[in-house]
Amino acid sequence: MRTAERTLTRDIGALGVAVVAVGASFGAIAVASGLPAWAVVAMSVLVFAGGSQFMAVGLITVGNPFAAVFAGLLLNARHLPFGLAIADAIGQGWWRRLVGSHLLVDESVAFAMALPAGPVRQRAYWSTGVTLFVAWQTGTVLGILLGGSVGDTDALGLDAAFPAGMIALLLPSLRDRDTRHVALSGALVAVLATPFLPAGLPVLLALSGLLLAWRRLPVAGRR
Amino acid sequence: MLIAVIVALAVGTYAFRLAGVVLRDRLDLPEPLRRLLPMAAAALLAALAGTAALTDSGAFAGIARPVGVAVGAVLAWLKAPFIAVVVAAAATAALLRLAGIP
Numbered sequence: 001m002r003t004a005e006r007t008l009t010r011d012i013g014a015l016g017v018a019v020v021a022v023g024a025s026f027g028a029i030a031v032a033s034g035l036p037a038w039a040v041v042a043m044s045v046l047v048f049a050g051g052s053q054f055m056a057v058g059l060i061t062v063g064n065p066f067a068a069v070f071a072g073l074l075l076n077a078r079h080l081p082f083g084l085a086i087a088d089a090i091g092q093g094w095w096r097r098l099v100g101s102h103l104l105v106d107e108s109v110a111f112a113m114a115l116p117a118g119p120v121r122q123r124a125y126w127s128t129g130v131t132l133f134v135a136w137q138t139g140t141v142l143g144i145l146l147g148g149s150v151g152d153t154d155a156l157g158l159d160a161a162f163p164a165g166m167i168a169l170l171l172p173s174l175r176d177r178d179t180r181h182v183a184l185s186g187a188l189v190a191v192l193a194t195p196f197l198p199a200g201l202p203v204l205l206a207l208s209g210l211l212l213a214w215r216r217l218p219v220a221g222r223r
Numbered sequence: 224m225l226i227a228v229i230v231a232l233a234v235g236t237y238a239f240r241l242a243g244v245v246l247r248d249r250l251d252l253p254e255p256l257r258r259l260l261p262m263a264a265a266a267l268l269a270a271l272a273g274t275a276a277l278t279d280s281g282a283f284a285g286i287a288r289p290v291g292v293a294v295g296a297v298l299a300w301l302k303a304p305f306i307a308v309v310v311a312a313a314a315t316a317a318l319l320r321l322a323g324i325p
């Protein structure tokens, strides 16, 4: 148990380091695009969803604020089904829910889902969420301060690190046959749809994989 | 204008997050449907990993990133520690790029 907890702390820490680097690249790109520092910090604190922040900065820069909001929200719509799935990891009570919801990001969901329901899953969710929140803000501020001297995170291979980490966290769930079929067919649909649809939509289309499991549900469960 | 964009994006994103968490208790889902929720999350995470590994802004992501992710995935399959998976994936992609492979 001790070892498991230490391993979890180390894993989340490693992810935190990578998130600081990506946050720094966000901060640097955002100020280089002409956004004032206060707005960049506000975005990281209030939105706290990296993909949509990069996208919003790009669309604000080309003078399309409505698209920035719309595209960002399309990208973040997946948080609703994530919340449904991991509400138990956030815990009971209003303040927990109000704060815990803001910490819902892909990685806190992935770490929580990788562990059995109960106190271990709760701890994993919260420590991942809090660590990544602090890492993202730290990175953003570093990026604003360092500006152009922040290196390209692709040169460090971080763009490969995040999906690989996600796969590692997903593997335990994939041992269940139904979950494996749903997840893999969903991922296939998403990848195939990506060239044709705006960002965010292909990932949501992955939910179509649920049809495979739906067919196998006992009839009483259908409505 | 800028502040309106940030606030709209922040409020909308937070609404998505909170809605799922709160709805879970409000919706009285029958057990078999409840069983689908973790599957839904797995499908979304797999889709995020798949699209992030293979595509970049809607186009193919090149060689270095998918190969890096594949190395990480194999290590994960072999039950290597998480940190080794992540570091190996990043190092593979970085070294390939250093060698001029995009």
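Keeping their order, the protein sequence lines are chains A and B.
Going by the working numbering, the first residue of the first sequence is number 1, and it counts up by one from there.
Going by the working numbering, the first residue of the second sequence is number 224, and it counts up by one from there.
By construction, the Cβ of each residue, glycine as well, lies at the ideal position given by its N, Cα and C atoms.
Counted as a single uninterrupted DSSP element, the alpha helix (DSSP H) harbouring Ala187(A) occupies residues Arg177 to Ala193.
Secondary structure note for Gly295(B): its alpha helix (DSSP H) is the uninterrupted segment Ala287 to Trp300.
Taking C-beta separations shorter than 7 Å and ignoring five residues to either side along the sequence, the partners of Gly295(B) in its chain run Val308, Val309, Ala311 and Ala312, following chain order. Taken through DSSP and simplified to helix, strand or coil, Phe111(A) comes out as helix.
Thr278(B) carries a strand assignment under DSSP once its states are collapsed to helix, strand and coil. A straight line joining the alpha-carbon of Ser33(A) with that of Leu75(A) spans about 21 Å. For Phe283(B), the secondary structure class from DSSP, reduced to helix, strand or coil, is strand. Remark: C-beta atoms of Ala231(B) and Val69(A) approach each other more closely than 8 Å. Apart from the 5 residues on each side of it in sequence, Thr128(A) sits with its Cβ closer than 7 Å to the Cβ of Ile12, Glu107, Ser108 and Phe111 in its chain, given in chain order.
Listed along the chain, the chain B residues whose CB falls inside 9 Å of the CB of Gly72(A) are Val228, Ala231, Leu232, Gly235 and Thr236. Against chain B, a Cβ distance below 8 Å from Arg97(A) picks out Leu241, Val244 and Val245. Within the model, the alpha-carbon separation for Arg320(B) versus Ile86(A) is close to 37 Å. Between Arg288(B) and Ala160(A), the beta carbon gap of about 5 Å places them in contact (Cβ cut-off 8 Å). Against chain B, the beta carbon of Gly186(A) has neighbours under 7 Å at Ala266, Ala269 and Ala270, listed in chain order. With 16 or more other Cβ atoms from the protein chains shown falling within 10 Å of its own Cβ, Arg247(B) counts as buried.
Within 10 angstroms of the beta-carbon of Ser280(B) lie fewer than 16 other beta-carbons, which makes it exposed. Boundaries of the alpha helix (DSSP H) harbouring Ser52(A): Gly50 to Thr61, taken from the DSSP string.
For Leu115(A), the closest of Asn64(A), Leu174(A) and Leu188(A) by C-alpha to C-alpha distance is Leu174(A).
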